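Going line by line, the protein sequences match chains R and B. Position 193 of the first sequence, counted from 1, bears residue number 397 in the numbering used here, the numbering being contiguous throughout. Position 133 of the second sequence, counted from 1, bears residue number 1477 in the numbering used here, the numbering being contiguous throughout. Cβ coordinates follow ideal geometry from the N, Cα and C atoms, glycine included. Quick caveat, the model's predicted, so the values are computed rather than measured. The structure appears below as structure tokens.
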Amino acid sequence: MNRMTRDQMAARVARDIPEGAYVNLGIGLPTKVADYLPADREIFLQSENGLLGMGPAPALGEEDWELINAGKQAVTLLTGGCYFHHADSFAMMRGGHLDICVLGAFQVSVAGDLANWHTGEPGAIPAVGGAMDLAIGAKQTFVMMDLLTKQGESKLVETCTYPLTGLGCVSRVYTDLAVFDVGPGGAGVIEMVEGLGFGELQRLVGVPLARSTPAVAA
Amino acid sequence: MIDKVVTDVEAAIADICDGASVMIGGFGTAGMPVELIDALIARAAGDLTIINNNAGNGEQGLAALIREGRVRKVICSFPRQSDSHHFDAAYRAGQIELELVPQGNLAARIQAAGAGLGAIYTPTGYGTLLAEGKETREINGEQHVLEYPIHADFALIKAHKGDRWGNLVYRKTARNFGPIMAMAAKTTIVQVGEIVPLGGLDPESVVTPGIFVQRVVRVAAALSVAHAA
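Written out as structure tokens, the structure is:
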């Protein structure tokens, strides 16, 4: 079966981020989306630790460890960017000022519930960071994840079995096999990788899917 | 003459006693007041409640305080990291209590304390494990969780420059929790890279007004440059 690579997934998400958008990219795979934002589009990247207008990683040896991103990696500030304290940063996130937030996930439900902070395993030390604020605060929350676990189980589910991060907060799910809209009306398929049929996708996912009209990238 | 500048880090933290609650600024190591924490370790105060975003990185600062067994409880959002081994060990051994708070709620609760609010209603965490047992309320059609302010006896923070009245500016993302912790603690102790004369900070650009600061101590910038996480 055809599968999108991580870079192809990142490029696919980047296509849907329009000029002028205020965007937070979560730790891990979503960070890669920044590499595929077209240079001719002005997009504002926000980092939860207190910067807006985040630029790429500095050259080796040029790191300033007081200029980092949420993953604690050294970054740069674009000309015109700015710094602020944590309460202001989370006001941007929780207050609905960000247009798009892109997060990784363990599971997403067809109604848009998100589980991405805790496996719930006994003995695991829980850590939540900004995940719950990000999930519910942005105008649109996108998820990027592999559609299936290593055991072949769908991560798009009827009801999340992992502990929840937020209820009904995800609007779109980008996976290596298909792109879905999720929400109160259930899950709809926007795109599938070449060679994958709707019936086969339906069999893999196991929850009812609708066929959506393909969304036009902004 | 009002002069909040103290001579050294030892004098700055000399009244932090056993059982104190202490906010410590920093996101990872950016903005962590390492020299103030080192002085606190040397003072041997224990049974502390620490409020920080994390629970220590590597061997320095908060990680060292935990390693030395001085911390009874940590209130934070993200304890588990690749280099949080001292917290992990203490937690698994049942030697340290953890109150896990979503990061934005942590910031809002600290800010609420500084602003004199009795509580806040926040949508963050509604319907999750971290809101279990908490009062909720529907406001404008959206569900919210009641969360209480986080106060502290002391705040230890790091700023870029300060003056003798306690006005502060910060440097880049080292600002993070500094301004809100300064507001929330009874006694705020700041290590700065440089002390400037009154008027040396542009009044339009002061980030923390001196009313929120009780003590300022200079720590040479060369010593306090944050290291890679």
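Paired residues, beta bridge with histidine 1488(B) - DSSP: Arg1481(B).
DSSP beta-bridge partners of aspartate 385(R): Paired residues: Arg376(R) and Gly392(R).
Touch test, the stretch 392-406 of chain R against the stretch 1522-1532 of chain B, Cβ-Cβ under 8 Å, three pairs minimum: With fewer than three CB-CB distances shorter than 8 Å, the stretch 392-406 of chain R does not count as touching the stretch 1522-1532 of chain B.
Where methionine 205(R) falls, given that 16 or more other Cβ within 10 Å makes a residue buried: The residue in question, methionine 205(R), is exposed, as its Cβ has fewer than 16 Cβ neighbours within 10 Å.
Contact with chain B by asparagine 253(R), beta-carbon distance below 8 Å: At least one beta carbon of chain B lies nearer than 8 Å to the beta carbon of asparagine 253(R).
Interface flag, proline 1523(B) vs chain R, CB-CB below 8 Å: With 8 Å as the cut-off, proline 1523(B) counts as an interface residue toward chain R.
Under 7 Å (Cβ pairs) to chain R, residues found in the stretch 1400-1428 of chain B: Taking 7 Å as the Cβ-Cβ cut-off against chain R, the residues of the stretch 1400-1428 of chain B that qualify are Ser1421, Phe1422, Pro1423 and Arg1424.
Same chain, Cβ closer than 8 Å to alanine 1499(B), five either side skipped, listed in chain order: Excluding residues within five positions, the ones whose Cβ falls inside 8 Å are Val1366, Met1367, Ile1368, Gly1369, Met1525, Ala1526, Ala1528, Ala1529, Thr1531, Thr1532 and Ile1533.
Listed by chain order, chain R residues near glutamine 1455(B) by CB distance under 7 Å: Those within 7 Å of glutamine 1455(B) in chain R are Ala291.
Backbone CA spacing between isoleucine 340(R) and leucine 1450(B) [nearest angstrom]: Across the structure, isoleucine 340(R) and leucine 1450(B) are spaced so that their CA atoms are roughly 16 Å apart.
8 Å Cβ shell around alanine 342(R) - same chain, five flanking residues per side excluded: Same-chain partners within the cutoff: Asn228, Met297, Gly300, Leu302, Asp303, Ile304 and Cys305.
Secondary structure of methionine 1345(B), DSSP reduced to three states: DSSP, read as helix, strand or coil, puts methionine 1345(B) in coil.
Buried or exposed by the 16-neighbour rule on C-beta atoms within 10 Å, applied to leucine 1490(B): With a threshold of 16 other beta carbon atoms within 10 Å, leucine 1490(B) falls short and is exposed.
Buried or exposed (CB count within 10 angstroms, at least 16 for buried), serine 1549(B): Per the 10 Å Cβ criterion, exposed.
Reference threonine 209(R), options Arg415(R), Gly410(R) and Leu381(R), closest by Cα: Residue Leu381(R) is the option with its Cα nearest to threonine 209(R).
Classification of isoleucine 1483(B) by the beta-carbon crowding that lies within 10 angstroms, buried from 16 upward: Exposed: under 16 other Cβ atoms inside 10 Å.
Selection of the stretch 1347-1374 of chain B by Cβ proximity to chain R, strictly under 9 Å: Residues of the stretch 1347-1374 of chain B that bring their beta carbon within less than 9 Å of a beta carbon in chain R comprise Phe1371, Gly1372, Thr1373 and Ala1374, in sequence order.
Span of the beta strand (DSSP E) around arginine 1416(B): Following the DSSP letters along the chain, one finds arginine 1416(B) inside the beta strand (DSSP E) bounded by residues 1415-1420.
Minimum C-alpha distance to glycine 1448(B) - residue among Ala335(R), Pro330(R), Pro222(R) and Leu318(R): Ranking the options by Cα distance to glycine 1448(B), first place goes to Ala335(R).
Aspartate 268(R) - DSSP class collapsed to helix/strand/coil: Note: aspartate 268(R) maps to coil in three-state DSSP.
Chain B contact residues for alanine 331(R), given Cβ-Cβ distances below 7 Å: In chain order: Phe1422, Pro1423 and Arg1424.
Limits of the alpha helix (DSSP H) - the one that phenylalanine 1431(B) falls within: Its alpha helix (DSSP H) spans residues 1429-1436.
The beta strand (DSSP E) enclosing aspartate 1497(B), as first and last residue numbers: Its beta strand (DSSP E) spans residues 1496-1506.
Candidates Asn1398(B), Ala1433(B), Cys1420(B) and Ile1394(B), of which the one nearest arginine 1411(B) by Cα: Among Asn1398(B), Ala1433(B), Cys1420(B) and Ile1394(B), the Cα nearest to that of arginine 1411(B) is on Ala1433(B).
Selection from Val1561(B), Arg1436(B), Gly1522(B) and Leu1384(B) that minimises the alpha carbon distance to valine 1540(B): Nearest of Val1561(B), Arg1436(B), Gly1522(B) and Leu1384(B) to valine 1540(B), Cα basis: Val1561(B).
Cut-off 6 Å between Cβ atoms - residues of its own chain near cysteine 286(R), not counting five sequence neighbours on either side: Within the same chain, cysteine 286(R) has close Cβ partners Leu256.
Inter-residue CB distance, isoleucine 272(R) and alanine 278(R) (contact presumed, cutoff 8 Å): Contact holds; Cβ gap of about 6 Å.
Sufficient close CB pairs (3 or more, under 8 Å) joining the stretch 313-323 of chain R to the stretch 1395-1409 of chain B: As far as the Cβ criterion goes, the stretch 313-323 of chain R does not touch the stretch 1395-1409 of chain B, which means the pair count is below three.
Amino acids of chain B, ordered along the chain, whose beta-carbon sits closer than 7 Å to that of aspartate 337(R): Correct list: Pro1446, Gln1447, Gly1448 and Thr1468.
Assigned secondary structure, serine 251(R) (DSSP; H/G/I helix, E/B strand, else coil): It is a strand residue.
Every unbroken beta strand (DSSP E) inside the stretch 273-331 of chain R [3 residues or more]: Entirely contained in the stretch 273-331 of chain R, the beta strand (DSSP E) runs reaching 3 residues are, in chain order, 280-287, 304-307 and 311-313.
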